[in-house]
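Here the structure is laid out as C-alpha cells; the discussion comes afterwards.
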Amino acid sequence: MREAKHIYDQYFGVLEPALKSKAEEFELVGYGKIETRDLWNFLTKKIWKRRTEDIHMHELVSDVLAIKIGDFMNFTTVEAYRTTSWNVELNEEELQALLHTKADNL
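Heads up, the sequence shown is in numbering that gives the first Met the number 0, so the first residue is 0 and it goes up one at a time.
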C-alpha cells in the first residue's frame, strides 16, 4: 500500500542538508545511524500533520533543526509496534510458553 504524498514533499531536496545535519548530530551524541528519510517520515507524520500551504521555508528548516531525539525515538518506537507483523509462525512449544502463566504451573 502506497502512502499519500505530503504537501511538503516538494521541499525534501531543499531541506536535505538540514536533515543530514540533524542525523549527524544524533549520531555524534551516540544514537547510531539515522536516515534522513526516517527524519522526514517523522516530520510529515507527526510534526506536520496539520499542514498549511502558505508555510515559509525558514519555518520548515526550524522544524527540522528543532527535532528532539526523545520525540523522534518515541515516534519510531510507536511506528515499529504499529507495523509489526503479528502473524508470526510459532512452534507448539513457543505457543504454549506464551499462553501459560507461572500461576498455571503451580
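The C-beta atom is built at its ideal place from N, Cα and C for all residues, glycine as well.
Owing to the predicted nature of the structure, the values given are computational and were not obtained by experimental measurement.
Span of the alpha helix (DSSP H) around GLY31: Run containing GLY31: none; DSSP gives neither H nor E here.
Distance between GLU88 and TRP47 (C-alpha atoms, nearest Å): 37 angstroms
Complete alpha helix (DSSP H) runs within the stretch 2–75 (minimum length 4 residues, chain order): 11–27, 35–41, 56–64
Contacts around HIS5, its chain only, beta-carbon distance under 8 angstroms, and the 5 residues preceding and following it disregarded: THR43, TRP47, ARG50
Under 8 angstroms between C-beta atoms of TYR30 and ILE66: no
Environment of THR35 [buried if 16+ CB atoms lie within 10 Å]: buried
Close Cβ partners of PHE41 (< 6 angstroms) along its chain, the five nearest in sequence each way excluded: PHE71, PHE74
Coarse secondary structure for GLU88, derived from DSSP in three states: coil
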